[in-house]
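In UniProt numbering, the protein residues as written are 1 to 285. From the three backbone atoms N, C-alpha and C, an ideal C-beta is built for every residue, glycine too.
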Amino acid sequence: MTSTAAPALAFGDEALAEVARAAELLKGRRLAVLTGAGISTDSGIPDYRGAGAPVRTPMTFSQFLADEPYRKRYWAGSHLGWSRFAASRPNAGHRMLAELEQAGLVTGVVTQNVDGLHVRAGSQRVVDLHGSMDRVVCLHCGQAFSRDAIAERIQLLNPWFDESVASRINPDGDAEVDDVSRFEVPECTVCGGTLKPDIVFFGEFVPPIKFEEARTIVARADALVVLGSSLVVNSGIRLVGLAQKKRIPTVIVNRGVTKADARAAVKIDAGTSETLALLRDALLP
Numbered sequence: 001m002t003s004t005a006a007p008a009l010a011f012g013d014e015a016l017a018e019v020a021r022a023a024e025l026l027k028g029r030r031l032a033v034l035t036g037a038g039i040s041t042d043s044g045i046p047d048y049r050g051a052g053a054p055v056r057t058p059m060t061f062s063q064f065l066a067d068e069p070y071r072k073r074y075w076a077g078s079h080l081g082w083s084r085f086a087a088s089r090p091n092a093g094h095r096m097l098a099e100l101e102q103a104g105l106v107t108g109v110v111t112q113n114v115d116g117l118h119v120r121a122g123s124q125r126v127v128d129l130h131g132s133m134d135r136v137v138c139l140h141c142g143q144a145f146s147r148d149a150i151a152e153r154i155q156l157l158n159p160w161f162d163e164s165v166a167s168r169i170n171p172d173g174d175a176e177v178d179d180v181s182r183f184e185v186p187e188c189t190v191c192g193g194t195l196k197p198d199i200v201f202f203g204e205f206v207p208p209i210k211f212e213e214a215r216t217i218v219a220r221a222d223a224l225v226v227l228g229s230s231l232v233v234n235s236g237i238r239l240v241g242l243a244q245k246k247r248i249p250t251v252i253v254n255r256g257v258t259k260a261d262a263r264a265a266v267k268i269d270a271g272t273s274e275t276l277a278l279l280r281d282a283l284l285p
């Protein structure tokens with residue numbers, strides 16, 4: 001088994017004591033896991049709210065629907081962001097969660113991320129609460145497309161458009177682009193309707209069936225572990241509420257404060273990958 005010596009070097013005495021408390025609390029329990037952007041930072045995907053994260057105002061669903069310039073801006077940025085997003089790889093944290101699931105300790109992973117890295121790391125039971133960037137759907141007829149196929153069409157429609165026009169990638173796979181006046185947005189090849197990545201925009205609700213799947217994962221667990229989420233988004237805090245109602249403990253691992261720190265049995269202010277390394281070594285036989 002991997003030695004705990006190297007990860008332990010990343011912790012102060014207080015944080016190590018919290019990790020030990022969490023390991024003792026979680027031992028022998030089946031774990032539901034909720035992840036946020038903080039688990040993917042080691043894969044090169046920036047965090048929304050971590051230290052140094054730029055303040056940004058994401059496009060709302062109503063803006064996307066109402067105005068073609070908004071759709072141009074969104075698809076231009078999303079297309080450029082997708083090439084970098086798709087090149088990211090699962091990190092040690094993703095892989096360790098897959099290992100814990102395979103060992104029977106994790107009932108499933110509920111993620112607020114849209115990067116698909118948990119599935120690519122080998123996790124079998126994954127609920128992507130906010131969708132996944134690798135799928136595109138038509139808002140009119142419901143036809144689904146692979147993101148790679150749409151990316152090829154965008155490149156054909158806009159051969160002049162490349163990464164040199166972008167300034168920054170964001171956690172949702174978007175990129176900042178200033179001038180999109182010439183950008184051509186692809187339409188649905190079935191009905192000519194509006195295409196949208198299969199993700200939950202600001203102003204949209206998590207599909208009820210998705211939240212029910214997430215609720216089931218928590219209901220079948222004996223503890224909830226939150227990794228890399230500030231729990232500002234309502235879908236996450238609701239799952240913490242479900243854990244409280246079920247009277248199972250919640251352990252939170254996140255750099256900085258979260259909206260549920262007061263509700264946690266243990267809060268560890270540290271990175272997810274290094275903390276998971278210590279917890280895995282303590283929990284696996």
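Tell me whether residue i is buried or exposed, calling it buried when 16 or more other Cβ atoms sit within 10 Å of its Cβ.
i: D179; result: exposed
i: G142; result: exposed
i: V126; result: buried
i: F205; result: exposed
i: R182; result: exposed
i: E152; result: exposed
i: A270; result: buried
i: A51; result: Its pLDDT being 48, under 50, A51 is placed unreliably in this model, and the coordinates cannot settle the point.
i: R147; result: buried
i: F11; result: buried
i: R76; result: Going by the sequence as given, residue 76 is Ala instead of Arg. Buried, by the Cβ-count rule.
Among residues of its own chain, excluding the 5 on either side of residue i, which ones have a beta-carbon nearer than 7 Å to its beta-carbon?
i: A22; result: V251, V266, I268, L279
i: S3; result: Here S3 scores only 45 on pLDDT, less than 50, and its place in the model is too uncertain to base an answer on.
i: E213; result: V127
Output yes or no for whether 8 Å exceeds the beta carbon distance between residue i and residue j.
i: D198; j: R135; result: yes
i: H130; j: Q155; result: no
i: F61; j: F201; result: yes
i: T35; j: G228; result: yes
i: E38; j: R255; result: A small fix is needed here, since residue 38 is Gly in this sequence, not Glu. Yes, they are a contact pair.
i: L283; j: K27; result: yes
Would a check of beta-carbon distances place residue i closer than 8 Å to chain D?
i: L129; result: Given the protein chain composition of this structure (a single chain), no chain D is represented.
How many whole angstroms separate the CB atoms of residue i and residue j, which I take to be in contact at a CB cut-off of 8 Å?
i: L195; j: V218; result: With 8 Å as the limit, L195 and V218 do not qualify as a contact, their Cβ atoms being about 33 Å apart.
i: E101; j: Q124; result: 6 Å
i: L224; j: T258; result: Going by Cβ atoms, the distance from L224 to T258 rounds to 13 Å, so no, they are not a contact pair.
i: V240; j: A260; result: 5 Å
i: N91; j: S43; result: 5 Å
i: V110; j: V33; result: 7 Å
i: R30; j: L105; result: 7 Å
i: E184; j: G193; result: That belief does not hold up - the Cβ atoms of E184 and G193 are roughly 16 Å apart, past 8 Å.
Please return the same chain residues whose Cβ sits closer than 8 Å to the Cβ of residue i, not counting the five positions on each side in sequence.
i: F64; result: Y70, R71, Y74, K196, F201
i: R89; result: S43, L117, R120
i: K210; result: V127, D128, L129
Can you find the residues in the same chain that come closer than 6 Å, C-beta to C-beta, to residue i, ignoring five residues on each side of it along the sequence?
i: L276; result: G93, M96
i: P58; result: F202
i: S149; result: Inspection of the sequence shows that residue 149 is occupied by Ala rather than by Ser. For A149, where only same-chain residues beyond five positions count, there are no Cβ hits under 6 Å.
i: G122; result: A98
Check whether the Cβ of residue i sits closer than 7 Å to any heavy atom of the ligand PLP, and report yes or no.
i: L16; result: With respect to the ligand PLP, the structure offers nothing, as it holds no ligand at all.
Where in the segment 192-274 do unbroken runs of the beta strand (DSSP E), each at least 3 residues long, occur, reported from the N-terminal end onward? 195-199, 223-227, 250-253, 266-268
At which residue ranges does the segment 74-153 contain complete beta strand (DSSP E) runs of 3 or more residues, listed in the order of the chain? Listed in chain order, they are 106-111, 126-128, 131-138, 144-146.
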